[in-house]
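Novice: Dumping the structure here so I can ask a few things about it.
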Amino acid sequence: MPTAPSSAAARWDYAPAPESAAIGRVRDRYQMFVGGAFVDGRGEDLKTLNPATAEPLAVVSTASPADVDDAVRAARGAYDGVWGRMSGAERGKSLFRIARGIAERARELAVVETLDNGKPIRESRDVDVPTASAHFFYHAGWADKMAHAGYGPDPRPLGVVGQVIPWNFPMLMAAWKIAPALATGNTVVIKPAETTPLSILVLAEIIADSDLPPGVVNILPGAGDIGRELVNHKGIDKVAFTGSTEVGKQIQTSLAGTGRKLTLELGGKAANIVFDDAPVDQAVEGIINGIFFNQGHVCCAGSRLLIQESVADEFVAKLQARITTLRLGDPMDKNTDIGAINSATQLARVRELTAIGDAEGAERWTSPCPVPDRGYYFPPTLFTNVTQSMRIARDEIFGPVLAVLTFRTPDEAVAKANNTPYGLSAGIWTEKGSRILGMAAAMRAGVVWANTFNRFDPSAAFGGYKESGFGREGGRAGLAAYLDTDDEGAR
Amino acid sequence: MSTAPTQSRPAPRGQLPDVAGSEQSLRQFLHGLPGVDPVGVEGRSAALATRSIKADSKRRAIDLAISMVDLTTLEGSDTAGKVRSLAAKARRPDPDQPDVPSVATVCVYPDMVAVAALCLAGSSVGIASVATAFPSGRSNLAVKIADTRLAIDSGATEVDMVIDRGAFLSGHYGKVFDEIVAIKEVCGATRLKVILETGELATYDNVRRASWLALLAGGDFIKTSTGKISPAATLPVTAVMLQAVRDFFEMTGRRCGVKPAGGIRNTKDAIRHLVAVREIAGPQWLDPFYFRFGASSLLNDLLMQRQTQAAGHYSGPDYVTVD
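If you're matching them up, the sequences are chains R and F in order. Counting in the working numbering, the first sequence runs from 43 upward without gaps. Counting in the working numbering, the second sequence runs from 23 upward without gaps.
Okay, here's the thing in structure tokens:
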């Protein structure tokens, strides 16, 4: 009969379970995708790193301003010649083929994404790639139903769309941008982030194999200067940007008066509000998912925890116990929960902002998890004794850092949650249905989750208030951003 | 608010909350427990099920799981012969592989305990007996006590009782509580597992309340199911029960066990449960003293997977003994 074990007994643990890097078939060099062909750009080659090791991963050819001209011309030609006048049903077929192509090469895409971005393979495999495929499937279904989308009997596309996407979800953001633009009949010139150009260039291969007419999608790797060149190009009818609020403001300034349409999806400093009657264990999970998913590199991350004072100590203790079990390390290991910070620059920013947190008098707690000695890593961190005036409560850190604040009454929770220049998302944790509805109505945020967080679906509109941007992506509302709805009035 | 993490946190040796004084206080305590969000707990369980357990970790998991099996036969058709062969299998699960650990216990009806005791004398295998009008629990306290006494007097080293689900569902928590206390009194030092029959409790909130009720009343283990009702053990239900024993330990310093029973038939499922034990309750629970599988067919799948790991290929069901 089993007897009580000694406390020193060695406990069962997980062996390393690395995904094979060979599945990614990463090549030494990648080219731009313009006019349906892979071509060398006239910009200087860039080297993309694997943030898990800080070692070079591949060389990528980049665009020059002249290449932007060429790409916009190719997109214009494709729009005028074929895509803009093609029937929705035909466009839908192409989108279905892309969706299926992503699903077929899902494993390869997940590996490429993890190697280039640093996110855990578990996330790229279970979230990024399947959701990207789902976005193409969803919008493929819309392509022949535009007359029924509520934007008039024959809503027209805008023309050529210039898109700039960030490094935190390279593949998924590409899908969010390209799928609705194509479904509505626009053609695209898109620039991926400088540090994460690979997965979208694999997507380019899938697009090339899907019989999409040449020039409908053009992909221009490059740095911020090429992004600026693209969004200010005279041949563009609409700009869609996801990235920092700072760059978003510059774009809005430079586009003022040009008549070009603009949607911006920018930063956030979301509050996760936990009431004393919350389902505690699930709330702990949700807070963790909210801030540590993708190393906190999420614009809608729940980076502020607002916890009701009466349960604060107990809740924070449970949170710390759970954070301690998160596994940080090799992003390619299937059991890794937290991977690498995307770049040295971002790691430096996270360090700088957390140091300011210390200096301002907040109390730092860091998970005791082991941290690899090479590559860019930052262990899960939370700050208590945080006040509204501290920079860690106001600035978007974009890393695995949670600021914990307390509140006493629902009104105080609303006031604190809304007291930010941002307004992208919010989370509400309570077992009381009426409180969920009341709080959701009081939140000045584009997305409000109740008893869950970071759930994304192609059919749900996503976007921000205030300095988090404007325009919606996903769902019926997301289509409007790519349609000429001016004649239709405010619908 | 700057509490240290679990591992370095001294276990608070608090007092058992004094809630058993009246039906009223018991109800207030149980209904004051935090709710369980079903979407959340099922999502977390699904995420745990994606852990990749390979190589040496898998081999160790298989042996650990074997050592946690309560090898069970609870049929009207049970005979002394059937129990004897089960006992032999429990001592030496794989006759060709002497390094396979013994299982934790055999689990039988009270009238079969004496047979099992004879076969298992001098071995490390315990004898668990169901009692208290298993599986329905529909009898009076005197009969339940007599049933338990029969099991213990015949040599049971552990007792698996069932709660009165009818009383629980009609809100008579005091009746359920008092019965557990009475049975634990009969058990004395013999460890008591309290079967909640989660398939009849229907909600995760009820599972959490019944878990706390059983722990407060002195149960040493909480067990999901009798195996006679579907659904039996599921990963989210086990997860809620693991949270209960973890939180109960935090509050009282007393570490109790969890036993999912019924429905865990293969190695993959068993390993998913071990992952849940590790990540929800903590590594300290990864021991047959604190975690069991109530199962009959699981053992052979574990043995087949063990052979596969050792030989590098799968042999099939004819290479393990049927009982």
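From the three backbone atoms N, C-alpha and C, an ideal C-beta is built for every residue, glycine too. Predicted, not measured: the structure shown is a model, and the values here were computed from it.
Please work out which residues of its chain come closer than 7 angstroms, Cβ to Cβ, to R:Gly373, disregarding the five sequence neighbours upstream and downstream, and give them in chain order.
Specialist: By 1-based counting over the first sequence, the position of residue 373 of chain R is 331. A small correction: the amino acid at residue 373 of chain R is Pro; Gly does not occupy that position in the sequence shown. Around R:Pro373: Ala94, Thr156, Gly160, Lys161, Pro162, Ile163, Gly381, Ala382.
Novice: Mind checking if R:Lys161 is an interface residue toward chain F, Cβ cutoff 7 angstroms exclusive?
Specialist: Stepping through the first sequence from its first residue, residue 161 of chain R is reached at position 119. Not closer than 7 angstroms to any Cβ of chain F, the Cβ of R:Lys161 fails to qualify, so no.
Novice: Mind checking who R:Glu97 pairs with in its DSSP beta bridge?
Specialist: Residue mapping note: residue 97 of chain R aligns to position 55 of the first sequence, counting from 1. Paired residue(s): R:Asn92.
Novice: Starting from F:Arg231, trace the alpha helix (DSSP H) in both directions and tell me its first and last residue.
Specialist: Locating residue 231 of chain F in the second sequence gives position 209, where the first residue counts as 1. Run containing F:Arg231: 226 to 238, per the alpha helix (DSSP H) assignment.
Novice: Return the residues of the stretch 63 to 89 of chain F that lie within a Cβ-Cβ distance of less than 7 angstroms from chain R, sorted by chain order.
Specialist: Result list: Val63, Arg66, Thr72, Arg73, Ser74, Ile75, Lys76, Ala77, Asp78, Ser79, Arg82, Ala83, Leu86.
Novice: Find out if the Cβ-Cβ distance for the pair R:Val110, R:Glu271 is shorter than 7 angstroms.
Specialist: Within the first sequence, residue 110 of chain R is the residue found at index 68, counting from 1. Within the first sequence, residue 271 of chain R is the residue found at index 229, counting from 1. For R:Val110 and R:Glu271, yes; Cβs fall inside 7 angstroms.
Novice: To be precise: take each residue of the stretch 107 to 136 of chain F, compare its Cβ to all Cβ atoms of chain R, and keep it if any distance is under 8 angstroms. Which residues remain?
Specialist: So the list reads Ala126, Thr127, given in the order they occur along the chain.
Novice: Please give me, in chain order, every unbroken run of the beta strand (DSSP E) with length at least 3 that falls completely inside the stretch 199 to 227 of chain R.
Specialist: Within the stretch 199 to 227 of chain R, the complete beta strand (DSSP E) runs of at least 3 residues are 202 to 206.
Novice: Can you say whether R:Asn461 is buried or exposed, counting buried as having 16 or more other CB atoms within 10 angstroms of its CB?
Specialist: Here residue 461 of chain R refers to the residue found at position 419 of the first sequence. Answer is exposed; the Cβ neighbour count stays below 16.
Novice: Pick from R:Ala298, R:Ala189, R:Gly85, R:Pro255: whose alpha carbon is nearest that of R:Ile140?
Specialist: Your numbering for residue 140 of chain R matches position 98 in the first sequence. Of the listed residues, the one whose Cα sits closest to R:Ile140 is R:Pro255.
Novice: For F:Tyr336, does the count of other Cβ atoms within 10 angstroms reach 16, so buried, or fall short, so exposed?
Specialist: Working through the second sequence from its first residue, we reach residue 336 of chain F at position 314. It is exposed - the Cβ of F:Tyr336 has fewer than 16 other Cβ atoms within 10 Å.
Novice: Do you know whose CA, among R:Ala96, R:Gly441, R:Ala523, lies nearest R:Ile330's CA?
Specialist: For the purposes of this step, residue 330 of chain R is identified with residue 288 of the first sequence, where counting begins at 1. The option with the nearest alpha carbon to R:Ile330 is R:Gly441.
Novice: Count the C-beta pairs between the stretch 301 to 314 of chain R and the stretch 383 to 400 of chain R that are closer than 8 angstroms, then say yes if the count reaches three, no if not.
Specialist: Cβ pair count under 8 angstroms is below three, so no.
Novice: Given that a residue counts as buried once 16 or more other Cβ atoms are within 10 Å of its Cβ, and exposed if not, what is R:Ala216?
Specialist: If you number the first sequence from 1, residue 216 of chain R lands on position 174. Answer is buried; the Cβ neighbour count reaches 16.
Novice: Opposite F:Gly148 in the DSSP bridges: which residues?
Specialist: Mapped onto the second sequence, residue 148 of chain F falls at position 126. Answer is F:Thr127, bridged to F:Gly148.
Novice: Would you grab the beta carbon distance between R:Glu402 and R:Met432 for me? Rounded to a whole angstrom, and I think it's under 8 angstroms.
Specialist: Stepping through the first sequence from its first residue, residue 402 of chain R is reached at position 360. Stepping through the first sequence from its first residue, residue 432 of chain R is reached at position 390. Confirmed, about 5 angstroms.
Novice: Which parts of the stretch 421 to 457 of chain R are runs of the beta strand (DSSP E), unbroken and 3 residues or longer, counting only runs that do not cross its ends?
Specialist: You should have 423 to 426, 443 to 449.
Novice: Looking at the C-beta of F:Ala332, does it have a partner C-beta in chain R at a distance below 7 angstroms?
Specialist: Here residue 332 of chain F refers to the residue found at position 310 of the second sequence. No, F:Ala332 does not count as interfacial toward chain R.
Novice: Name the residue from R:Glu351, R:Thr366, R:Leu389, R:Val392 whose alpha carbon lies nearest to the alpha carbon of R:Gly427.
Specialist: On the first sequence, position 385 is the one that residue 427 of chain R refers to. One detail in the question is off: residue 427 of chain R reads as Asn in this sequence, not Gly. That would be R:Glu351, whose Cα lies nearest to the Cα of R:Asn427.
Novice: On the DSSP bridge list, what partners appear for R:Ala40?
Specialist: Since the first residue of chain R shown is 43 and the last is 533, residue 40 of chain R is not available in this structure.
Novice: DSSP on F:Glu97, reduced to helix/strand/coil?
Specialist: If you number the second sequence from 1, residue 97 of chain F lands on position 75. DSSP places F:Glu97 in coil when its eight states are reduced to three.
Novice: Given a cut-off of 7 angstroms, decide if F:Ile217 and F:Thr256 are closer than it, judged by their beta-carbon atoms.
Specialist: Against the second sequence, residue 256 of chain F aligns to sequence position 234. Against the second sequence, residue 217 of chain F aligns to sequence position 195. No.
Novice: Use the C-beta contact count for R:Leu479: other C-beta atoms within 10 angstroms, 16 or more gives buried, fewer gives exposed.
Specialist: Reading the first sequence from its first residue, position 437 is the one you call residue 479 of chain R. Counting Cβ neighbours within 10 Å, R:Leu479 comes out exposed, since fewer than 16 surround it.
Novice: Can you find a C-beta in chain F that's less than 7 angstroms from the C-beta of R:Arg53?
Specialist: Taking the first sequence and counting its residues from 1, one reaches residue 53 of chain R at position 11. Closer than 7 angstroms: yes.
Novice: Return the CA-CA distance between F:Pro32 and F:Asp59, expressed in angstroms with no decimal places.
Specialist: Residue numbering aside, residue 32 of chain F sits at position 10 when the second sequence is read from its first letter. Residue numbering aside, residue 59 of chain F sits at position 37 when the second sequence is read from its first letter. The predicted model places F:Pro32 with a pLDDT of 39, which falls under 50 and marks its position as unreliable; any figure quoted below should be read in that light. Each residue's Cα considered, the two are about 29 angstroms apart.
Novice: Name the residue from F:Cys209, F:Asp186, F:Trp307, F:Gly62 whose alpha carbon lies nearest to the alpha carbon of F:Asp269.
Specialist: Working through the second sequence from its first residue, we reach residue 269 of chain F at position 247. Among F:Cys209, F:Asp186, F:Trp307, F:Gly62, the Cα nearest to that of F:Asp269 is on F:Trp307.
Novice: At what residues does the beta strand (DSSP E) containing R:Thr305 begin and finish?
Specialist: Here residue 305 of chain R refers to the residue found at position 263 when the first sequence is read from its first residue. Start and end: 303 to 307.
Novice: Quick one: complete alpha helix (DSSP H) runs, 4+ long, within the stretch 318 to 376 of chain R?
Specialist: Those alpha helix (DSSP H) runs which fall completely within the stretch 318 to 376 of chain R and span 4+ residues are 322 to 334, 354 to 366.
Novice: Which whole-angstrom value describes the C-beta separation of F:Ala403 and R:Trp54, a residue pair presumed to lie in contact below a C-beta threshold of 8 angstroms?
Specialist: Residue coverage of chain F in this structure runs from 23 to 345, which leaves residue 403 of chain F outside it and unanswerable.
Novice: Given that R:Met481 touches chain F, what residues does it touch there, using C-beta distances under 8 angstroms?
Specialist: By 1-based counting over the first sequence, the position of residue 481 of chain R is 439. What R:Met481 touches in chain F: nothing, since even the nearest Cβ is about 16 angstroms away.
Novice: Would you say F:Phe313 and F:Val280 are within 7 angstroms of each other, going by their C-beta atoms?
Specialist: Position 291 of the second sequence, counted from the first residue, corresponds to residue 313 of chain F. Position 258 of the second sequence, counted from the first residue, corresponds to residue 280 of chain F. Yes, the Cβ-Cβ distance between F:Phe313 and F:Val280 is below 7 angstroms.
Novice: From F:Arg300 to R:Gly505, what does the alpha carbon distance come to, in whole angstroms?
Specialist: Sequence index remark: in the second sequence, residue 300 of chain F carries index 278 (1-based). Sequence index remark: in the first sequence, residue 505 of chain R carries index 463 (1-based). Rounded to the nearest angstrom, the two C-alpha atoms are 38 angstroms apart.
Novice: Could you tell me whether any Cβ in chain R is nearer than 7 angstroms to the Cβ of F:Pro56?
Specialist: Stepping through the second sequence from its first residue, residue 56 of chain F is reached at position 34. Output row for F:Pro56: interface = yes.
Novice: Would DSSP call R:Asp526 helix, strand or coil?
Specialist: Along the first sequence, one-based indexing puts residue 526 of chain R at 484. Correct three-state label for R:Asp526: strand.
Novice: Out of curiosity, what's the CA-to-CA distance linking R:Ser175 and F:Leu264?
Specialist: For the purposes of this step, residue 175 of chain R is identified with residue 133 of the first sequence, where counting begins at 1. For the purposes of this step, residue 264 of chain F is identified with residue 242 of the second sequence, where counting begins at 1. When rounded, the distance between both Cα atoms is 36 angstroms.
Novice: For a contact meaning CB atoms closer than 8 angstroms, what does R:Gly19 contact in chain F?
Specialist: The first residue shown for chain R is 43 and the last is 533, placing residue 19 of chain R beyond what the model contains.
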